[in-house]
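**Student:** Below is the structure I would like to discuss, written out as structure tokens.
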Amino acid sequence: MTQELNLTLQVWRQEGASDPGHFETYAANGISEDMSFLEMLDIINEDLIENDQIPIEFDHDCREGICGTCSLMINGQAHGQEKATTTCQLHMRKFNDGDTIVVEPFRARAFPVVKDLVVDRSSFDRIIESGGYISVNTGAASDANLTPVPKEAADTSFDAAACIGCGACVAACPNSAAQLFTSAKLAHLNLIPQGQSQRFERTETMVDTMETFFGSCTNHGECHEACPKEISLDFIAFMNRDYVKAKMKNRKLAGQS
Amino acid sequence: MVATSTNPQGSTPIFRRKLQLPFPLNIYQSSIGRKWVMALTGIGLLGFVIVHMIGNFHIYEGPVQLHEYAETLRGLGGGLFPRTFLLWLLRIGLAGMFLLHIHSAYSLKERSRKASDKADFVGGEKKYGSKRDYVAANYASRTMRWTGPIVLLYLLFHLADLTWGWWLGDDYVLGDPYHNVVASLSSLPVAIIYVVATVALSIHIFHGTWSLFQSLGINNPKYNDLRRTLAKLIAGIVLVGNLSFPVLVTAKLIDDDNRKCEVGDVACLEHEAEKH
């Protein structure tokens, strides 16, 4: 027997980048506890459309927690209070009947609001473009297991690669810093042999690009708590170390790159 | 690597890197490099705080020993350098580290402020309309930007108080630090200032000692837990050690009674010190 929830929502509505924006209150009645948070927003939007009002814009895609498209600050927590969960995987049973829920977009200057709860996270793309790849010859696929990768390194690299680039780390950070995202992307490639040749060049360019958009880390650790993929703060230390190393190294001499 | 494409509509950079300065100044141009400098100067300043505290423990041995310690500092380097030369070198080094520590902290705070959505949200601490619950950030990390300036103000007060003797006036005796400390700290408002500053400093050190490992990239699952333990230990020692001075003076356990040498009799202090 599923229970039905009656909730009050305070949702951020904003026409566009030039609109200052405001909170709008909506009643969400008869919400099934089996719904996800986004399905609950769908229900509200259907109501709004039926009443000839403009529905609430929000980002969503796969709805299975792996694409990194959904966002939302729910009661001041990125992706809601549930640990290691994206908004699309957040179930309404985590809320109580009669709750008031405040829903806001992810905030940072690098994430300008497009409309309502949709923000433009393309500054993450700028970081990836600047070094988040490895250079390999294309053509026939190389033999499997041609490049030996230590098991531990592969595991840790995979932990870093779990980052879905949703931006929760930046949203949760009081400094609007993107250290967790950038360090995860760096560790993903820098820990394995395939990424070694461009390791320090990559670290330098990606960090430099990050710093043109985002704030500076003060090691609060809020990003790790907000991260739906539980990316570790250890990657930030790894990035800091590699960045200063990159500045120190003389890459023209073999053995120093 | 390839140049980044221009952002079609989205965000504009908050910070454009100007000309790359020559090595090693280019390290300081980046935020991570600045955090690195902040951590290194933090280690230096932390070292000073600890050594200064340990040196001050000579007060428990009495006026003669504290005088002797002060003289040792002036004569550092023995016959190798002129008197007070090494002391001044240390002082200049400390001042330099302090300025770098402050400048990096302030400029990074400014970058973070610019990176937050709304300029009027000071320090980017209040980005959201809903009541924001911190999950991981502790009291120490959130108050770094307050405890830092408190310690700076205290430092100026402390220098004026015991190095330059501004408020003690005629009661300030150059060469008798024991008396100066007792005279200054017996005033309750002054003792309270010292207590508040010590607490602020310890809170600052608690976050700083842990944070510097992250900033320097000293991270290894083998000892990561020890970084917190070390931070607690150092902050605790600094707190208890430095609190002991104002508390014991206020409790009259350190006072000018029963001295071998009269207050202000520096010649006597020197004579007694010679006997050691």
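Note that the protein sequences, when read in sequence, are chains D and Y. Residue -6 is where the first sequence starts when you use this note's numbering, and the numbers rise one by one after that. Residue -18 is where the second sequence starts when you use this note's numbering, and the numbers rise one by one after that. Backbone N, C-alpha and C define an ideal beta-carbon position, used for all residues, glycine too. Computed from a predicted structure; not experimentally measured.
What is the DSSP secondary structure of residue 23(D), reduced to helix, strand or coil?
**Tutor:** strand
**Student:** Going by C-alpha distance, which of 37(D), -3(D), 192(D) and 223(D) is nearest residue 26(D)?
**Tutor:** -3(D)
**Student:** Is it the case that the Cβ atoms of residue 109(D) and residue 46(D) are separated by a distance below 8 Å?
**Tutor:** no
**Student:** According to DSSP, is residue 3(D) helix, strand or coil?
**Tutor:** strand
**Student:** Distance, Cα to Cα, residue 59(Y) vs residue 22(Y)?
**Tutor:** 27 Å
**Student:** Indicate whether at least one CB of chain D lies closer than 8 Å to the CB of residue 78(Y).
**Tutor:** no
**Student:** Compute the beta-carbon to beta-carbon distance between residue 206(D) and residue 116(D), rounded to the nearest angstrom, for a pair I have assumed lies under 8 Å.
**Tutor:** 4 Å
**Student:** Any idea if residue 252(Y) is buried or exposed, counting beta-carbon neighbours within 10 angstroms, 16 or more meaning buried?
**Tutor:** exposed
**Student:** Using only CA atoms, which one of 61(D), 164(D) and 132(D) lies nearest to residue 67(D)?
**Tutor:** Cα-wise, what sits closest to residue 67(D) is 164(D).
**Student:** When we look at the beta-carbon of residue 39(D) and count the other beta-carbons within 10 Å, is it buried (16 or more) or exposed?
**Tutor:** exposed
**Student:** Between residue 212(D) and chain Y, is there a C-beta pair that is closer than 8 Å?
**Tutor:** By this cut-off, residue 212(D) is an interface position.
**Student:** Pull the bridge partners of residue 15(D) from the DSSP assignment, please.
**Tutor:** 6(D)
**Student:** DSSP three-state label for residue -5(D), please.
**Tutor:** Residue -5(D) falls in the coil class under three-state DSSP.
**Student:** DSSP beta-bridge partners for residue 67(D)?
**Tutor:** 70(D) and 96(D)
**Student:** Out of curiosity, what's the CA-to-CA distance linking residue 162(D) and residue 132(D)?
**Tutor:** 37 Å
**Student:** Helix, strand or coil: which one does DSSP assign to residue 185(Y)?
**Tutor:** helix
**Student:** So, does the stretch 170 to 190 of chain D touch the stretch 61 to 74 of chain Y, judging by three or more C-beta pairs under 8 Å?
**Tutor:** no
**Student:** Are the C-beta of residue 75(D) and some C-beta of chain Y separated by less than 8 Å?
**Tutor:** no
**Student:** If I'm right that residue 133(Y) touches residue 83(Y) with Cβ under 8 Å, what's the distance once you round it to whole angstroms?
**Tutor:** Cβ-Cβ separation between residue 133(Y) and residue 83(Y): approximately 7 Å, consistent with a contact (criterion under 8 Å).
**Student:** Just by C-beta distance, which residues in the stretch 111 to 122 of chain Y are closer than 7 Å to chain D?
**Tutor:** 111, 112, 113, 114, 115, 116, 117, 118 and 122
**Student:** Note down, in chain order, each residue of its chain lying with its Cβ closer than 7 Å to the Cβ of residue 125(Y), except the 5 sequence neighbours on either side.
**Tutor:** 185 and 188
**Student:** Enumerate in chain order the residues of its own chain whose CB-to-CB distance from residue 187(D) is below 6 Å, with the five nearest sequence positions on each side excluded.
**Tutor:** 127
**Student:** Counting beta carbon pairs with one atom in the stretch 24 to 33 of chain Y and one in the stretch 232 to 241 of chain Y, are three or more of them shorter than 8 Å?
**Tutor:** For the pair of segments examined, the stretch 232 to 241 of chain Y was found not to touch the stretch 24 to 33 of chain Y: the number of CB pairs separated by less than 8 Å stays below three.
**Student:** Quick one: is residue 171(Y) buried, meaning 16 or more other Cβ sit within 10 Å of its Cβ, or exposed?
**Tutor:** The residue is buried, with at least 16 neighbouring Cβ atoms inside 10 Å.
**Student:** Please report the distance separating the alpha-carbon of residue 101(D) from that of residue 158(D).
**Tutor:** 15 Å
**Student:** What residue does the alpha helix (DSSP H) around residue 18(Y) start on, and which one ends it?
**Tutor:** Where residue 18(Y) is concerned, the enclosing alpha helix (DSSP H) starts and stops at 12 to 37.
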